[in-house]
Amino acid sequence: MFTNTKIEIQALSEKVGKKITNVGNISLLEIKQEEIINLFKSSGVLLFRDFENDLDTFTEFSNSLSTNFMDYTGGAFNRRIINNNATILTVNDFQDEVKLHGEMYYTNKPPLMLWFFCANPPLQDGETIVCDGQQFFDELSNSMKDLLSKKKLKFPGNYTKESWQKKFKTNDLNVVKEICQGNGMKVKTNEDESIDFQFICPAIHKSRDGKHDVFINSLLPAKKINPKLVCFDDDSEITDEIISELNEIAEKITVEISWQKGDILMIDNTRIMHGRRAFSDNQRDIYIRLCFPAFAF
Ligand SMILES: [Fe+2]
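Under our numbering, think of the first position of the sequence shown as 186, with each following residue one higher.
Given below as structure tokens:
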């Protein structure tokens, strides 16, 4: 039970998440950490609304509950650093839709936890979307459960010399090779110093307590960005029918978050997938932090 009467707690959706609203003019830092942690563990995603948050309180609040912040070296998208802090990043510098995914599930070391901060909302559209990967698995047809339990996903790709220098912030090919191999990728270097890589991972993961199956991966956005590239680990095709079934489930269970200035979102990246709707104005300013819980998880 929450003991704090200065906040109101509502369901974010029928199945997953909680919205914590400030109704007593308090600071986020006044909420008992233990209460936040318990809610986070049971709900998977928390939205904090109507707190007077700026970048400093966001940083302090996320620092108080997380550790091992990542700087996104080797990440798939272009992100800008905010406030000279390499662990506070803009979300992707483009306006297209991003399909539901687990963050950095194209490596074997994804962060366990994510934070989002709304520095400025879009004028319209651009909602961040979330869904429960456990519910996603439950909604799959039996034949799809069977297929995705038997076959793994294969993400092949290539970095030109220029692109790996930028993504990995180094000029040393061996350093990049080491990082990629450390992330579970197979790597082949070419004569022009470009790199071919390949990452194989399951589409389904066990929940932290080992009791449930969770559909969480990077398949849907990867397939949208590079339809021909992603396949199963036996090189068989991931057909349009398969992707249609997955996209249908995704739409059915998606929860939309319409940003308000100062909103903070806390996400369990072992269970909750996230993405965003497309937008068309230049107002949307959302920051992300990738990290690990500073509490038993
Ligand atoms: Fe993401």
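Positions of the beta carbon are idealized from the N, C-alpha and C atoms, including for glycine. Remember, it's a predicted structure, so these values are computed and weren't measured experimentally.
According to DSSP, is residue i helix, strand or coil?
{"i": "E347", "result": "helix"}
{"i": "G318", "result": "helix"}
{"i": "M186", "result": "Its pLDDT being 44, under 50, M186 is placed unreliably in this model, and the value from its coordinates should be taken loosely. In the structure shown, M186 sits in coil (DSSP, three-state: anything other than H, G, I, E or B)."}
{"i": "R469", "result": "coil"}
{"i": "V283", "result": "strand"}
{"i": "E237", "result": "coil"}
{"i": "F262", "result": "coil"}
{"i": "E441", "result": "strand"}
{"i": "K330", "result": "helix"}
{"i": "D377", "result": "coil"}
Does at least one heavy atom of ligand 1 sit under 7 Å from the Cβ of residue i?
{"i": "H459", "result": "yes"}
{"i": "E282", "result": "no"}
{"i": "E288", "result": "yes"}
Tell me the DSSP bridge mates of residue i?
{"i": "A196", "result": "K203"}
{"i": "W300", "result": "M451, R474"}
{"i": "I389", "result": "F400"}
{"i": "R461", "result": "V283, T313"}
{"i": "S251", "result": "P478"}
{"i": "N305", "result": "D470"}
{"i": "K408", "result": "K408 pairs with nothing; no bridge assigned."}
{"i": "F340", "result": "F384"}
{"i": "E422", "result": "C416"}
{"i": "L231", "result": "K203, M451"}
Just curious, the alpha helix (DSSP H) that residue i is in, first and last residue?
{"i": "A435", "result": "425–438"}
{"i": "I364", "result": "358–367"}
{"i": "I221", "result": "218–228"}
May I ask which residues mark the beginning and end of the beta strand (DSSP E) holding residue i?
{"i": "N270", "result": "270–275"}
{"i": "K413", "result": "No beta strand (DSSP E) holds K413; DSSP gives it neither H nor E."}
{"i": "V208", "result": "Premise fails: V208 is in no beta strand (DSSP E) and is neither H nor E."}
{"i": "K371", "result": "371–374"}
Query - Three-pair Cβ contact test at 8 Å for the region 235–248 versus the region 317–337 - result: no
Report task. Determine, using beta-carbon pairs with one atom in the region 246–256 and one in the region 275–288, whether at least three such pairs fall under 8 Å. Result -> no
Query raised in the report: If you pair each beta-carbon of the region 396–412 with each one of the region 200–219, do three or more pairs fall below 8 Å?
Result: no
Query raised in the report: Just checking, does the region 284–300 make contact with the region 449–466 on the three C-beta pairs under 8 Å criterion?
Result: yes
**Report entry** Touch test, the region 424–441 against the region 307–316, Cβ-Cβ under 8 Å, three pairs minimum
**Finding:** yes
**Report entry** Segment contact, 8 Å Cβ cut-off, at least three pairs: the region 414–427 with the region 331–351
**Finding:** yes
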